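*Asks:* As numbered in the working numbering, residues -19 to 234 make up the sequence shown, in order.
Heads up, the beta-carbon is just placed ideally off N, CA and C, and yes, glycines get one too.
Every value quoted in this text rests on a predicted model; they were computed, and no experiment measured them.
I have a structure I would like to understand better, so I am pasting it below and will then ask my questions one at a time.
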Amino acid sequence: MPESSDFLETYLREIGVQTPISLVVSGEEMSGSEQLALADQAETAGAAFPHAEPIPAAMPAAPVSSSGSESAPFKTLHELSREASDCSLCGLADTRSNVVFGVGNPQADLVFIGEAPGRDEDIRGEPFVGRAGQLLDRMLHAIDLDRKSVYIMNTIKCRPPNNRDPKPDEVQACNLWFEQQLNLLQPKMICLLGRVAAQTVLETDEPLGALRGRWHDYRGIPVWVTYHPAYLLRSPQQKRKSWQDLVTLLNRLN
Ligand code: URA
């Protein structure tokens, strides 16, 4: 995983920071055409997206017994998703349009987990498709990943009204799906996006600042915590730290 200043500049441009950081640091500014020339040079040199190693081949998914009994047939992720699609275990079933199960490669090594579906996700039935999701796509693209090479899901599967934080009873009800989903995915690594996802999955009240920058564990799976893309949209000055987070994550993954 390259850590050159070229890579940082490219990452920052990809996620919407227009002025390459080295020029900010050196106090210089570049014209638009100079920035384009820099991008062209990088692309010609094949350095526009210095690539992470491709994600290694899949681990076999762990079987999940549908009824808990030894002899019951094993479920696939698709079957689990179909079962969850008419869930009514909590009150969110009354207000949702769609259960937002998850998207991506069922055999991905890396799983990103956000908080809960928002309005766009509720309408489309897919996680992270609104503005925050578009930024997540750009962040993934900048490190040579996309939503087909990773898996993306949320701590709960239905949109809380007015995008309020999920309530404990909703999280608890949805844990039925969450646990089975992760058991089937068997990722090598989990990245939690934002405070709510981090506090929910790690079952802690610690603030995001205390949870970032160190490894955690979810049932034997290494867990990394970074900013939620919606927060990065509101606080673009933190995008540089989000890049550092992604580099650390990929270094360990590779
Ligand atoms: N925010 C989240 O946490 N999850 C989504 O799916 C969309 C926005």
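1. Between which two residues does the alpha helix (DSSP H) containing F158 stretch?
2. For K147 versus V79, is the C-beta spacing smaller than 8 Å?
3. Could you tell me whether any non-hydrogen atom of the ligand URA is closer than 7 Å to the CB of F108?
4. With DSSP as the reference, label D197 as helix, strand or coil.
5. Could you check if G200 belongs to the surroundings of the ligand URA, using beta carbon to heavy atom distance under 7 Å?
6. Give the single residue among V227, L57, V205, G71 whose Cα lies nearest to the Cα of T180.
7. Quick check: what's the CA-CA separation for L120 versus H196?
8. What is the DSSP secondary structure of P202, counted as helix, strand or coil?
9. Short of 8 Å in beta carbon distance, which residues of its chain neighbour T135, apart from the five on each side in sequence? Order them along the chain.
10. Can you give the Cα-Cα distance for D225 and G193, rounded to whole angstroms?
11. Are G98 and R139 touching if we call contact CB-CB under 8 Å?
12. Output the boundary residues of the beta strand (DSSP E) element that contains G110.
13. For a quick check, are the C-beta atoms of D102 and S77 less than 8 Å apart?
14. Within this structure, are the beta carbons of M169 and I123 separated by less than 8 Å?
15. DSSP three-state call for V79: helix, strand or coil?
16. Rounded to whole angstroms, what is the Cα-Cα separation between H208 and P141?
17. Identify which residue in R232, C171, D74 has its Cα closest to the Cα of V203.
18. In whole angstroms, what separates the C-alpha of E59 from that of F108?
19. Distance check for A64 and L212, CA to CA, integer angstroms please.
20. So, for D185: in the same chain, excluding its five sequence neighbours on each side, which residues have a beta-carbon less than 6 Å away from its beta-carbon?
21. Going by DSSP in three states, I170 sits in which element: helix, strand or coil?
22. Taking the alpha carbon of Q166 as the reference point, which residue from L(-8), C67, R118, A88 has its own alpha carbon closest?
23. Under 7 Å from any heavy atom of the ligand URA, does the C-beta of G105 make it?
24. Quick test of your reading: R118 and G(-4), contact by CB under 8 Å. State the CB separation rounded to the nearest angstrom.
25. Could you have a look at L226 and say whether DSSP puts it in helix, strand or coil?
*Replies:* From the atom records:
1. Per DSSP, the unbroken alpha helix (DSSP H) holding F158 starts and ends at 148 to 165.
2. no
3. The answer is yes for F108.
4. strand
5. Not so, every heavy atom of the ligand URA lies at least 7 Å from the Cβ.
6. The residue with the shortest Cα to Cα distance from T180 is V205.
7. Annotation: L120 to H196 spans about 22 Å, alpha carbon to alpha carbon.
8. strand
9. I93, G94, E95, A96, P146, V151, C154, F158, V176, A177, T180, V181
10. If you take the alpha carbons of D225 and G193, they lie about 7 Å apart.
11. yes
12. Counting along the chain, G110 falls outside any beta strand (DSSP E), and DSSP gives it neither H nor E.
13. yes
14. no
15. coil
16. 19 Å
17. C171
18. Looking at the two C-alpha atoms, the distance is approximately 22 Å.
19. 31 Å
20. none
21. strand
22. A88
23. no
24. 7 Å
25. helix
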